[in-house]
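Have a look at the structure below before the remarks.
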Amino acid sequence: MKNEMYISDTKLEKLAKRLSRQFAISKEEAYEIIYEEWDLVETLFGAHKKAKAVYEHLALELNDIYRIA
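Per our numbering, residue 17 is the first one in the sequence shown, and the count goes up by one each step.
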């Protein structure tokens, strides 16, 4: 069974806030993206721990995945 890591609500809030500003979307939409890409978010938090670093890597990945930028 896969061990899941705990990511605090505060870190998720910071990540959603940064994503909503970057992509000009609502926080609710940012949370939807976070949960759609949960495996990636979890991996990034495992590697980087800080919401800012996770946001930077996640924004790059989302640009590649969704071709936003």
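Just so it is clear, CB atoms sit at the ideal spot from N, CA and C, and this is done for glycine as well.
Residue i, enclosing alpha helix (DSSP H) - first and last residue
{"i": "GLU45", "result": "43–52"}
{"i": "ALA32", "result": "25–39"}
Three-state class that DSSP yields for residue i in the structure shown
{"i": "ALA2", "result": "The question about residue 2 has no answer here: the residues shown for the chain are numbered 17 through 85."}
Counted within 10 angstroms of its Cβ, other Cβ atoms place residue i as buried (16 or more) or exposed
{"i": "TYR22", "result": "exposed"}
{"i": "TYR82", "result": "exposed"}
{"i": "ALA32", "result": "buried"}
{"i": "LEU76", "result": "exposed"}
Chain-order list of residues whose beta-carbon lies under 6 angstroms from that of residue i (same chain, five-residue window excluded)
{"i": "ALA46", "result": "ALA32, LEU35 and SER36"}
{"i": "LYS27", "result": "ALA67"}
7 angstroms Cβ shell around residue i - same chain, five flanking residues per side excluded
{"i": "HIS71", "result": "Checking the displayed sequence, the identity of residue 71 turns out to be Tyr instead of His. Closer than 7 angstroms at Cβ, skipping near neighbours: LEU31, ARG34 and LEU35."}
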